[in-house]
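The structure under discussion appears below in the form of structure tokens.
2 protein chains.
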Amino acid sequence: MKAHYQTQGFLIILSGPSGVGKGTVCTALRKRMPELAYSVSATTRAPREGEKDGVNYFFKTVEEFKQMIENEELIEWAQYVDNYYGTPRHFVEETLASGKDVILEIDVQGAHQVKERFPHAIFIFLLPPTIEELKNRIIGRGSETEITLAHRLNAATDEFKQINQYDYVVINDEVEKACERVEAIIKAEHCRVDRLVMTE
Amino acid sequence: MKAHYQTQGFLIILSGPSGVGKGTVCTALRKRMPELAYSVSATTRAPREGEKDGVNYFFKTVEEFKQMIENEELIEWAQYVDNYYGTPRHFVEETLASGKDVILEIDVQGAHQVKERFPHAIFIFLLPPTIEELKNRIIGRGSETEITLAHRLNAATDEFKQINQYDYVVINDEVEKACERVEAIIKAEHCRVDRLVMTE
């Protein structure tokens with residue numbers, strides 16, 4: 003009898019409302035967990051200075067992007083203003099097959115799309131400690147009018163209602179604590195009895 | 003809206019076959035996680051030199067112990083040769099209510115009893131990397147005859163079949179790695195969405 007943990011990597015979805023700090027937590031996680039693979043998004047927006055194709059984004063024309071949607075090459079996608087953003091399936095599937103865990107940092111809408119395609123992925127909802135704290139963080143960005151602030155807070159309230167579709171909730175009270183929790187979740191998931199492989 | 007993690011502690015069961023290293027892992031965990039409460043067993047065996055009542059064990063007479071069984075004051079118990087061993091309910095429940103997690107290191111039979119009384123406890127099966135490794139560890143203790151060795155290995159094989167009743171499997175390839183896994187499991191369980199408390 004020999005027992006070992008699954009060699010296939012796990013797909014981890016880090017989602018939550020706009021302003022909760024998904025990007026900050028992901029940046030801190032990269033330092034903490036260099037063994038994790040971070041999915042690179044495809045986008046139709048123009049590269050900013052210093053951004054590299056295949057590193058920051060896969061830069062696509064609108065035509066290429068629409069072709070990817072049609073060919074089901076994206077596991078989730080969305081349009082913001084004039085630009086498209088999405089997660090290429092190929093990179094995710096190849097990386098998981100190689101045994102690496104992959105983390106996706108996406109909005110709640112995107113997470114919903116992924117859930118349909120990857121029901122066994124690990125879904126983590128990043129939560130602000132209070133709605134007031136979320137408000138402060140959005141205001142802190144300084145880029146919001148009162149109307150868009152109200153819009154974002156309403157959207158967040160709607161998104162909180164979807165929390166039960168997630169497996170875990172990580173309260174982002176402090177970035178380092180939030181990272182510790184995400185790391186523990188990933189390690190623990192590898193130990194779940196239904197992920198174990200037993201051979202004679 | 004305010005979200006916070008449950009303030010009630012969790013009951014964690016660390017179980018597995020005889021010889022797998024439950025005691026060693028628990029001793030290492032005590033150093034690593036001093037915030038965890040370690041359940042103190044009741045026993046009818048005589049105290050050894052230096053052992054303190056309420057610290058190493060709660061020392062009981064056979065009559066007292068039988069009374070505890072009758073009063074359902076034990077969440078699991080067993081008889082080995084002439085002595086009784088069991089886990090007092092009072093300490094576990096008081097400690098959980100105070101907000102501390104409690105870990106029980108017990109055999110598979112005991113874990114089964116706890117599962118009936120505490121179905122929401124977190125059940126961790128400590129597994130040897132291979133059955134050969136388990137054999138070597140039991141032999142390494144030097145206290146086994148060939149007959150008891152065969153008996154222990156048979157018992158272990160039966161116990162492996164109950165693994166699906168557990169939530170997690172921790173492979174005890176190295177003590178420190180095993181401890182890291184247990185620690186991650188406990189942290190992750192605190193983040194499970196069904197443990198979250200949301201208030202308006």
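Protein chains in written order, with this note's numbering: chain U, 3 to 202; chain A, 3 to 202.
A virtual CB, placed ideally from N, CA and C, is assigned to each residue, including glycine.
Note that the coordinates shown come from a computational prediction; the quantities given were computed from them, not determined experimentally.
Within the continuous alpha helix (DSSP H) that includes residue i, where are the two ends?
| i | result |
| --- | --- |
| residue 72(U) | 64-72 |
| residue 9(A) | Here residue 9(A) belongs to no alpha helix (DSSP H), and DSSP marks it neither H nor E. |
| residue 151(U) | 148-162 |
| residue 204(U) | Coverage of chain U is limited to positions 3 through 202, which leaves residue 204(U) absent and any answer about it impossible. |
Give a yes or no on whether 8 Å exceeds the smallest Cβ distance from residue i to chain U.
| i | result |
| --- | --- |
| residue 189(A) | yes |
| residue 181(A) | no |
| residue 139(A) | no |
| residue 194(A) | yes |
| residue 113(A) | no |
Could you check if residue i is buried or exposed, using at least 16 other CB atoms within 10 Å of its CB as the buried criterion?
| i | result |
| --- | --- |
| residue 138(A) | exposed |
| residue 174(U) | buried |
| residue 100(U) | exposed |
| residue 130(U) | buried |
| residue 149(A) | exposed |
| residue 18(A) | buried |
| residue 103(U) | buried |
| residue 170(U) | buried |
| residue 32(U) | exposed |
| residue 187(U) | buried |
| residue 78(A) | buried |
| residue 168(U) | buried |
| residue 64(U) | exposed |
| residue 184(A) | buried |
| residue 22(U) | buried |
| residue 140(U) | buried |
| residue 15(U) | buried |
| residue 94(U) | buried |
| residue 199(U) | exposed |
| residue 24(U) | buried |
| residue 48(A) | exposed |
| residue 83(A) | exposed |
Does any residue of chain A have a CB that is nearer than 8 Å to the CB of residue i?
| i | result |
| --- | --- |
| residue 28(U) | no |
| residue 198(U) | yes |
| residue 110(U) | no |
| residue 80(U) | no |
| residue 186(U) | yes |
Tell me the residue span of the beta strand (DSSP E) that contains residue i.
| i | result |
| --- | --- |
| residue 76(U) | 76-82 |
| residue 18(U) | From DSSP, residue 18(U) is part of no beta strand (DSSP E); its letter is neither H nor E. |
| residue 168(U) | Element bounds for residue 168(U): n/a, residue is neither H nor E. |
| residue 90(A) | 85-90 |
Below 7 Å, is the gap between the Cβ of residue i and the nearest heavy atom of the ligand SAM?
| i | result |
| --- | --- |
| residue 95(U) | Ligands displayed in this structure: none; no statement on the ligand SAM is therefore possible. |
Can you confirm whether the region 104-118 of chain A touches the region 75-90 of chain A when touching is taken to mean that 3 or more C-beta pairs between the two stretches lie within less than 8 Å? yes
Residues in the region 151-171 of chain U with C-beta within 8 Å of chain B's C-beta atoms, listed in sequence order? Absent from the structure is chain B; the protein chains it does hold are U and A.
Entirely enclosed beta strand (DSSP E) segments - the region 97-146 of chain A, minimum 3 residues: 104-107 and 124-129
Go through the region 173-202 of chain U residue by residue and report every complete run of the alpha helix (DSSP H) that reaches 4 residues or more, in order. 177-192
Taking one C-beta from the region 158-173 of chain A and one from the region 147-166 of chain U each time, how about it: are there three or more such pairs within less than 8 Å? no
So, do the region 5-20 of chain A and the region 183-200 of chain U have three or more beta carbon pairs nearer to each other than 8 Å? no
Touch test, the region 54-74 of chain A against the region 29-46 of chain A, Cβ-Cβ under 8 Å, three pairs minimum: yes
Any contact of the region 118-136 of chain U with the region 28-37 of chain U, i.e. 3+ C-beta pairs under 8 Å? no
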